[in-house]
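Participant:
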Amino acid sequence: MNKKPKAIIALVLTVLTVALLIWTCFYAGGKYVVFDPKGPIGQAQKELIILSTSMAALLIVPVMILTFFIIWRYRDAPDNKAKYQPHWDDNKKLETVWWSIPIVVILILAIITARYTYLLEPSKPMASTQKPVTIQVTSLDWKWLFMYPEEGIATVNEIHIPKGVPVRFELTSDAPMNSFWIPQLGGQIYTMSGMAMKLHLQADQEGTYFGSGANFSGEHFGQMRFDVEVQSDEEYKNWVANIKKQSKPLTKDGYLALAKPGLSQPDEYSSIPDGLFQEIVTKYVVDGASNPHAGHGEVTPTKGTSKSGTEDESGMDMSHMNMSGHN
Amino acid sequence: MLDKIKEFASTFFVTGDPMIYGADVSIALAMIGIVFVLTYFKKWGWLWKNWLTTVDHKKVGIMYILAAILMLFRGGVDALLMRIQLATPDVTLLHPEHYNQIFTTHGTIMILFMAMPLMFGLFNIAVPLQIGARDVAFPFLNALSFWLFFMGAMLFNLSFVIGGSPDAGWLSYPPLSELQFSPGVGQNFYIWGIQISGIGSLATGINFIVTIIKMRAPGMTWMKMPVFTWSVFSSCVIIIFAFPILTVTLALLFLDRFGGGHFFTLDFGGNPMMYINLIWMWGHPEVYIVVLPAFGIYSEVISVFSKKKLFGYKSMVYAMFMIAILSFFTWAHHFFTMGSGADVNAFFAISTMVIAIPTGVKVFNWLFTMYRGKITFKTPMMWAIAFIPNFLIAGLTGVMLSVAPADFQFHNSYFLIAHFHSALIGGVVFGYLAGLYYWWPKMFGFTLPETPGKWAFWFWNIGFYVCFIPQYSLGLMGMTRRLSTYGWDTGWQPLNLVSTVGAFLMGIGFLFQVLQILLGIKNFRKLKDTTGDPWGGHTLEWSIPSPAPEYNFATIPQVEERDDWWAEKDKRAKGIFRKQSPIEAIHMPKNSAIPFIMSVFFFIAGFGFVFGWSFFYIPGLIGVAICMICRSFFSYDGDYYIPADEVKRTEAAIRGSV
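Those protein sequences? They're chains A and B, same order as listed. Here the first sequence is numbered in the UniProt record's numbering, starting from 1 and rising by one per residue. Here the second sequence is numbered in the UniProt record's numbering, starting from 1 and rising by one per residue.
(1) Residue 328(A) CB to nearest chain B CB: under 8 angstroms?
(2) Give the secondary structure of MET588(B) by DSSP, where H, G and I count as helix, E and B as strand, and everything else as coil.
(3) Within the chosen definition, does the stretch 161-177 of chain A reach the stretch 258-265 of chain B through at least 3 CB pairs nearer than 8 angstroms?
(4) Quick one: does GLY491(B) have its CB under 8 angstroms from some CB of chain A?
(5) Any beta-carbon of chain B closer than 8 angstroms to the one on residue 328(A)?
(6) Indicate the three-state DSSP secondary structure (helix, strand or coil) for ALA154(A) in the structure shown.
(7) Pull up the distance between the alpha-carbon of LEU266(B) and that of ALA384(B), whole angstroms please.
(8) In the DSSP output, what is LYS81(A) paired with across the bridge?
(9) When you compare only the Cα positions, how much space is there between LEU118(B) and ILE65(B)?
(10) Count the other C-beta atoms from every protein chain shown that fall within 10 angstroms of the C-beta of LYS58(B), then say buried if there are 16 or more, exposed otherwise.
(11) Pair every Cβ in the stretch 133-150 of chain B with every Cβ in the stretch 211-219 of chain B, then say whether three or more of these pairs are closer than 8 angstroms.
(12) Less than 8 angstroms between the beta carbons of ALA605(B) and LEU129(B), yes or no?
(13) In terms of alpha-carbon separation, which member of ASN188(B), VAL428(B), PHE457(B) and TYR288(B) lies closest to PHE609(B)?
(14) Could you pull the start and end residues of the beta strand (DSSP E) that GLY213(A) belongs to?
(15) By alpha-carbon positions, which one of HIS284(B), VAL301(B) and PHE603(B) ends up nearest to PHE387(B)?
(16) Given that a residue counts as buried once 16 or more other Cβ atoms are within 10 Å of its Cβ, and exposed if not, what is LYS4(B)?
(17) Which of the three DSSP states, helix, strand or coil, is assigned to ASP312(A)?
(18) Just mark SER308(A) as buried or exposed, buried being the case when its beta carbon has 16 or more other beta carbons within 10 Å.
(19) If you draw a straight line from the alpha carbon of PHE634(B) to that of LEU52(B), how long is it in whole angstroms?
(20) List the DSSP bridge partners of GLU229(A).
(21) Roughly how many angstroms lie between the CA atoms of MET126(A) and VAL501(B), to the nearest whole one?
(22) Below 8 angstroms, can you find three or more Cβ-Cβ pairs linking the stretch 11-23 of chain A to the stretch 357-365 of chain B?
(23) Do you know how far the Cα of ASN523(B) is from the Cα of LEU21(A)?
(24) Indicate whether ASN412(B) and ALA214(A) have their beta-carbon atoms separated by less than 8 angstroms.
(25) For the candidate residues PRO470(B), ALA644(B), LEU519(B) and LYS378(B), whose alpha-carbon lies nearest to that of LEU416(B)?
(26) Below 8 angstroms between beta carbons: does that hold for LEU253(B) and PHE264(B)?
(27) Whose CA, out of MET370(B), PHE602(B) and TRP488(B), lies closest to the CA of LEU66(A)?
(28) If distances are taken between C-alpha atoms only, which option among ILE375(B), MET225(B) and TRP170(B) comes closest to PRO78(A)?
(29) Suppose you measure from the CA of SER306(A) to the CA of LEU145(A); what does that come to, to the nearest Å?
(30) So, is the C-beta of GLY445(B) closer than 8 angstroms to a C-beta in chain A?
(31) Sort LEU122(B), ALA115(B), ASP90(B) and MET63(B) by Cα distance to PHE228(B) and report the nearest one.
(32) Is LEU171(B) close to chain A, meaning its C-beta is less than 8 angstroms from at least one C-beta of that chain?
(33) With a threshold of 6 angstroms on Cβ separation, who are the neighbours of HIS293(A) within its own chain once the five nearest residues in sequence on each side are excluded?
(34) For ILE49(A) and PHE180(A), I'd like the C-alpha separation in whole angstroms.
(35) Say whether chain A places a C-beta atom closer than 8 angstroms to the C-beta of SER413(B).
(36) With DSSP run on the structure shown, which of helix, strand or coil describes THR92(B)?
Structure (structure tokens):
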């Protein structure tokens with residue numbers, strides 16, 4: 001007698017839960033930044049995500065339906081007349097079929113993945129007629145320092161880039177490693193001390209984009225957020241010129257103070273000390289030690305600092321670097 | 001003098017947080033309570049003789065499971081605290097530092113001190129019984145393994161009230177976990193807690209490999225072995241290759257912190273990347289260590305509760321071994337975003353995807369085990385069924401994550417968190433719960449009541465989806481893992497709130513399970529398993545009474561078929577009875593106090609190393625050495641015989657009550 005109300009309650013709960021889950025998948029209050037790319041890299045990654053998801057779903061969804069069907073069909077109920085074969089435990093043909101289905105799907109997916117892996121390798125420069133903007137990124141405890149070597153300016157916790165121009169990020173860390181992520185422009189890359197990683201991105205639309213540190217780096221890691229302002233070429237040039245005119249310079253001592261653990265508001269500097277980024281990258285390299293990540297290290301020299309700059313352009317051969325003063 | 005003591009006490013004991021004072025009080029009260037109860041009921045001797053010094057695999061298994069449930073509670077409370085903190089923006093329940101400690105201990109406890117011991121508990125309960133053995137190959141070592149795990153776990157948990165918890169993440173990436181950035185003792189607790197229990201895990205792996213190779217009942221060829229035993233075997237193969245890597249990695253980190261080494265530091269040539277490679281060479285196989293036995297349980301449970309033989313037994317076995325081998329070729333997918341270059345990323349992306357093939361095959365085989373069966377929905381089967389759709393989702397998202405260039409967007413985000421919780425809760429925890437319900441009558445002699453179990457099941461399951469599905473979305477909205485708080489401007493609030501509600505639903509599910517056990521104990525006479533075979537089992541453990549007598553099998557069975565017990569029941573129904581061999585005196589291992597005492601010394605040594613106190617670690621190490629010497633020289637008298645008459649009497653008593 002009380003079977004019916006129970007079944008109704010169960011049905012209502014199931015429908016409510018499923019509705020809730022569907023709502024959470026398509027809930028539009030938050031921004032699905034990964035699915036709202038504003039540049040070619042983010043766009044390609046979005047396409048790849050959709051492609052790989054649909055490939056995998058092609059396999060999963062029928063199996064899901066089959067699961068529900070089999071469980072319902074072969075439930076042990078008095079009125080269930082389904083066939084019962086307790087000793088049927090082997091069928092080579094069937095097994096061959098379902099060994100080959102995942103093999104084929106994974107094979108296709110593997111080819112797609114390999115292609116995209118080479119295509120989207122973050123250290124690969126982007127094809128463009130424009131000359132790329134270089135930004136040197138340093139993750140600190142718990143803030144981001146961005147240096148523009150060609151413009152000779154620096155910012156903390158904010159990035160400005162011109163629209164439609166490739167950006168070459170060179171990334172390192174002067175603190176525990178972090179990960180530099182601007183979802184709408186493209187995927188993340190780690191920042192690690194002793195190395196200069198490279199990431200090429202481009203923004204095709206003006207706007208303000210969310211960026212953050214993605215890898216846990218200690219107490220206030222959660223506050224390592226920054227805004228990325230994408231502007232027209234003209235606005236960008238004005239912004240640079242303004243900083244050059246109005247802001248204070250970043251000195252070596254200023255950097256050392258900045259590098260101390262603590263939080264920081266967005267900030268701007270009108271100049272950067274010669275070769276600071278190279279110094280940060282090679283700060284911890286012992287004289288004579290070879291670097292494990294050779295090839296990720298070429299850094300762009302600071303404008304007008306030809307001496308120290310050109311010397312380091314050869315990249316990771318740091319064996320003759322003078323390390324005094326920082327160890 | 002008084003000032004000095006005060007100063008010491010304030011750094012030694014963690015202070016300043018009401019939650020920690022609460023923990024202090026509850027620990028003290030629990031201790032007093034335990035001591036009082038044991039004294040009042042005069043149970044000290046019973047505790048010592050029956051539990052602390054036992055080498056019986058069934059009792060060791062029960063202790064593992066009890067400890068694991070306790071740790072599930074601790075890890076679960078951590079999880080709920082985190083979810084409260086994240087329910088809405090700008091919550092200040094937990095200071096970031098405290099939050100970091102909580103997610104670190106949550107991860108470490110759930111993987112190493114909950115999943116692993118629960119798994120070892122099930123190994124101990126089921127494997128010797130399934131293969132018709134009287135015990136594991138090395139009963140003394142088995143007890144030692146348990147006590148090492150237990151002391152390691154206690155040492156790790158102690159950090160909450162003494163010295164401070166680790167806060168560098170459950171894998172403790174350097175340089176964050178080095179002295180420079182984590183100067184406190186929390187990280188030392190992490191190293192020694194894991195290190196001590198890790199020795200036990202490695203020994204368990206060896207013990208069960210030898211047990212399975214050498215102790216199978218006559219006639220049980222490899223291809224007649226129960227599939228759960230196969231899964232344990234493949235899991236143990238991974239353990240013996242993976243755990244030494246963990247041991248070495250943590251030893252190097254310890255040398256950095258304690259001995260002024262520079263293996264993983266920033267300066268003097270240290271290389272943090274080395275640690276990250278090493279820890280994942282253990283860490284990814286570890287996932288398969290814990291999931292393979294769950295696959296074994298699903299295979300057993302689905303076949304028993306479909307009243308059908310397991311479909312494609314050989315495929316299942318090969319698939320498990322493929323997974324075991326492939327698990328060692330996946331570690332670099334944990335750092336696709338570290339700039340290893342396209343060659344490395346492409347290789348590890350593909351080697352990761354390949355694991356989906358044997359896993360997918362297993363899902364098909366489970367489905368076709370149910371096909372043309374008669375499915376009964378008892379609690380173990382419900383968990384096994386719930387696993388399939390969930391694991392399909394976890395598998396789908398796993399393949400998505402393995403696509404390297406796409407992973408640049410998923411990595412370190414909540415999408416990843418949702419994926420691995422799906423795999424570890426929906427795959428591992430669901431499986432172990434199914435196994436726990438399944439073997440419960442064999443452990444304790446009564447089945448658990450179904451009604452509260454079903455309530456628990458639905459709360460857990462609905463809670464599980466409500467908690468983790470929103471996290472996939474949050475990941476795609478740019479929310480990263482390990483955030484202690486976030487702003488209103490992010491738009492993450494509603495989904496986080498939903499997720500928190502889901503976590504609490506799972507918590508309610510856990511409470512129902514506690515209730516279920518309590519009701520089971522209260523009504524155990526009514527729920528008594530008098531047949532020894534309450535589910536219509538297929539394998540040997542169901543051929544003996546519940547709970548199993550201390551010698552397991554009065555006579556060692558002669559195995560003729562895969563699913564031997566099922567085949568024998570068939571024959572008995574047709575009136576054909578196997579010839580019983582006569583009961584003889586049974587050779588048994590004696591209890592030993594050495595495993596317990598030695599582990600206590602390990603604990604003392606570990607505690608000494610945590611604080612760098614030589615007056616602790618030197619005596620501790622000496623104690624360990626003395627225990628080893630005692631074991632070598634004075635353990636010749638380590639066995640005894642149960643006379644045949646006594647076995648006959650016991651059997652008659654148990655069977656008589658049938």
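Backbone N, C-alpha and C fix where the C-beta goes; we use that ideal spot for every residue, glycine too. Here the structure is a predicted model, which is why all the values come from computation and not from measurement.
Facilitator: Reading from the atomic positions:
(1) The structure shown has nothing for residue 328(A), since chain A only spans 1 to 327.
(2) strand
(3) no
(4) yes
(5) Because chain A is modelled from 1 through 327, residue 328(A) falls outside the range shown and cannot be assessed.
(6) strand
(7) 47 angstroms
(8) Note: LYS81(A) is not bridge-paired with any residue in the DSSP secondary-structure output.
(9) 5 angstroms
(10) It is buried - the Cβ of LYS58(B) has at least 16 other Cβ atoms within 10 Å.
(11) yes
(12) no
(13) ASN188(B)
(14) Run containing GLY213(A): 207-213, per the beta strand (DSSP E) assignment.
(15) VAL301(B)
(16) exposed
(17) Below a pLDDT of 50, predicted positions are generally treated as unreliable, and ASP312(A), at 38, falls in that range; no measurement from the model is reported.
(18) Reliability fails at SER308(A), whose pLDDT of 39 lies under 50, so the model's placement of it is uncertain and the value that follows must be treated cautiously. Under this definition SER308(A) is an exposed residue.
(19) 19 angstroms
(20) HIS160(A) and THR208(A)
(21) Per the coordinates, the alpha-carbon of MET126(A) lies some 45 angstroms from the alpha-carbon of VAL501(B).
(22) With the cut-off at 8 angstroms, the stretch 11-23 of chain A and the stretch 357-365 of chain B do not touch.
(23) 38 angstroms
(24) Yes, these two residues count as a Cβ contact at 8 angstroms.
(25) For LEU416(B), the nearest C-alpha among the options comes from PRO470(B).
(26) In contact: LEU253(B) and PHE264(B) (Cβ atoms closer than 8 angstroms).
(27) MET370(B)
(28) ILE375(B)
(29) Confidence in SER306(A) is poor, its pLDDT being 38 and thus under 50, which makes the residue's placement unreliable; the coordinate value appears in the next sentence. C-alpha of SER306(A) to C-alpha of LEU145(A): approximately 23 angstroms in a straight line.
(30) no
(31) Considering only alpha carbons, the answer is LEU122(B).
(32) no
(33) Caution applies to HIS293(A), whose pLDDT of 48 falls short of 50 and renders its modelled position unreliable; the model cannot decide the point.
(34) 20 angstroms
(35) True, the Cβ-Cβ gap to chain A drops below 8 angstroms.
(36) coil
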